[in-house]
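Enquirer: Before we start, here is the structure in question, set down as structure tokens.
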Amino acid sequence: MKNRTIIILTALMLDCGYVAAQNVDRQSPGQDVKDYIQQSWKKTLRYNPKDSADHIGLPKPYTVPCISGHFQEMYYWDTYFTNVGLLLDGHIEWAIDNTENLASLVERFGKVFNGSRYMYRYNSQPPYLCMMVADIYARTGDKEWLGRMFGTLEKEYRFWMTHRMTPCGLNRYSNDVIDKQKDRGMAQYAKSRTKCNIALDSLSEREVTTFASHARAECESGWDFTPRFENRCEDFCPVDLNANLFYYEQSLARFCRILGMPLKAGKWEKAARRRKRLIQKYMYNAKDCLYHDYDYVNRRLSPVRSAAVFSLLFSRVLSAGNARSVARHALKVLEFPYGIAATEKNDYHGTYQWAYPNGWAPLQYIAIKGLENYGMTTEAYRLAHTYVDGQNRIFAQTHNLWEKYNVVEGSTRVTSEGEYDMPPMMGWTAGVYLYALQYVKRHKHR
């Protein structure tokens, strides 16, 4: 009887200790946000395997950026950052399904559309399919799956090299609208969003359709809209696009070696070396020690300093010494109390949501990951910590995560172009939050 009592008391003590530990954990910073994310992932799952008049059928279930309201289809580059969170939360199958859905668009249409609706067929978005494949392979080690994805990645890469190439050898964003004359509405749409000082009525028909084409290209950049491209997106070779394609070239070389194709690996390594030389030749600005988007039409650099520069660190384009120099100079102009702003503070003569003081989850992830790639863990930790703090602050006030935020105030008081009210968002905000929270916990006592 005595022994039984001791066993019961011990069990009660252990149980109380377990509950106490749970309560302590729940009171830890960020736990309420983490709980919200973990409880909400399933609410973003959709399944629509059949084509309709507007929606493109996808073979597997997929995640959408928002639980309700805006953005109820699958989007390209959003999904990469969503996958980061899904993998951290153990939802590997959902991440694989997302990746295979995007791959199905490449196989069917030759590219990944901006989103899974026919209205998005004219544009792709920043290429991140290779990054998704790399992340999943790192988790699963499944060579057979990697082999299936390899051909799709090659096909997508060919799209960028065939349809988005410039004479200088670097790539640009554009669009696949065939009848430009019927796209005049896009010009009015872009002007109304950015409030730029362009009088469309004073332009010729050709000038209006050119303006519309540039606007569509800017939508493909994912940064719609931004002062980076001066309303002439097709004239620029963007830093981040070319950094991403360098990532593809390096990764495809590595995948070749994994899959037993060493001779083919050499071709990809050569392509990566060539792109690295061209990035250095055309995009480096010795005056501020940073890389800028290159206006290949007018043979000059964009004057705008933007968070796109961290993509060069994310994709490991730079040497160690150069990366440290770039990071130091970029952080001076882009880092604020609650993270990295899309651009430096400046008067851009328009209203741009991809500009100061707005911060976006993917830009924080790229910066943190890029700094970590080059051993700058102090700076990476600082950015991760400020991002987590900012999202905790906003969640405490609103009980939601959001599409973008103000990096100066740590609030939802953002610059808006007025197309839609800023939506509550899971997607990339949730994915990057989980990554940043894990990074902070992992490096807290180092």
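When you line the sequence shown up against mature numbering (1 follows the signal peptide of the UniProt record, and there is no 0), it's residues -21 to -1, 1 to 425, in that order.
Don't be surprised by glycine CBs; every beta carbon is placed ideally from N, CA and C.
Hey, out of Y335, E351 and D203, whose CA is closest to S290's CA?
Expert: S290 has its Cα closest to that of E351, out of Y335, E351 and D203.
Enquirer: Suppose you measure from the CA of A250 to the CA of E228; what does that come to, to the nearest Å?
Expert: Near 6 Å, if we compare the C-alpha coordinates of E228 and A250.
Enquirer: Would you mind giving the Cβ-Cβ distance between V218 and M262, rounded to the nearest angstrom? I have them listed as a contact below 8 Å.
Expert: Sure, about 6 Å apart at Cβ, within 8 Å.
Enquirer: Use the C-beta contact count for S181: other C-beta atoms within 10 angstroms, 16 or more gives buried, fewer gives exposed.
Expert: Counting Cβ neighbours within 10 Å, S181 comes out exposed, since fewer than 16 surround it.
Enquirer: Expressed to the nearest angstrom, what Euclidean distance is found between the alpha-carbon atoms of L220 and C212?
Expert: When rounded, the distance between both Cα atoms is 12 Å.
Enquirer: Pick from T119, M98, Y99 and V91: whose alpha carbon is nearest that of P106?
Expert: That would be V91, whose Cα lies nearest to the Cα of P106.
Enquirer: Which whole-angstrom value is the C-beta distance of Q332 and S395, which I expect to be below 8 Å?
Expert: With 8 Å as the limit, Q332 and S395 qualify as a contact, their Cβ atoms being about 6 Å apart.
Enquirer: Whose C-alpha, out of Y55, Y116, H34 and Y54, is nearest the C-alpha of E72?
Expert: Considering only alpha carbons, the answer is Y116.
Enquirer: Could you tell me the alpha carbon to alpha carbon distance between L231 and A222, rounded to whole angstroms?
Expert: Cα to Cα, L231 sits roughly 14 Å from A222.
Enquirer: Could you tell me if Y399 is buried or exposed, where buried requires 16 or more neighbouring beta carbons within 10 angstroms of its beta carbon?
Expert: By the neighbour-count rule (16 or more Cβ atoms within 10 Å), Y399 is not buried but exposed.
Enquirer: What does the alpha-carbon distance come out to for the pair residue 426 and K13?
Expert: Since the first residue shown for the chain is -21 and the last is 425, residue 426 is missing from the structure and cannot be characterised.
Enquirer: From which residue to which residue does the beta strand (DSSP E) around W56 run?
Expert: Run containing W56: none in the beta strand (DSSP E); it sits in the alpha helix (DSSP H), Y55 to L67.
Enquirer: Does the ligand FMN have a heavy atom nearer than 7 Å to the CB of L84?
Expert: Absence of the ligand FMN is noted for the structure shown, with no ligands found whatsoever.
Enquirer: Quick check on R421: buried or exposed, where buried means 16 or more other Cβ atoms within 10 Å of its Cβ?
Expert: So R421 ends up on the exposed side.
Enquirer: So, helix, strand or coil for Q1, using DSSP?
Expert: At Q1 the pLDDT is 44, less than 50, meaning the model places this residue with poor confidence; the figure from the coordinates comes in the next sentence. The answer is helix: DSSP assigns Q1 an H, G or I state.
Enquirer: Closest to V296 by C-alpha separation, out of P316, H308 and R252, would be which residue?
Expert: Checked all of P316, H308 and R252; the closest Cα to V296 is R252.
Enquirer: Can you give the Cα-Cα distance for Y335 and L81, rounded to whole angstroms?
Expert: Between Y335 and L81, the C-alpha separation is close to 31 Å.
Enquirer: Could you pull the start and end residues of the beta strand (DSSP E) that K383 belongs to?
Expert: Looking at the DSSP string, the run of the beta strand (DSSP E) that includes K383 is K383 to N385.
Enquirer: Among S192, G126, H34 and C109, which one has its Cα closest to the Cα of A169?
Expert: A169 has its Cα closest to that of S192, out of S192, G126, H34 and C109.
Enquirer: Thinking C-alpha only, which one of E358, R25, G148 and R236 is nearest R256?
Expert: Comparing Cα positions, the closest option is G148.
Enquirer: State the DSSP-derived secondary structure class of S103, mapped to helix, strand or coil.
Expert: It is coil, neither helix nor strand.
Enquirer: Determine the burial state of M140: buried for a count of at least 16 other Cβ atoms within 10 Å of its Cβ, exposed for fewer.
Expert: Exposed: under 16 other Cβ atoms inside 10 Å.
Enquirer: My output table needs one value for N352: the three-state DSSP class, helix, strand or coil.
Expert: Helix.
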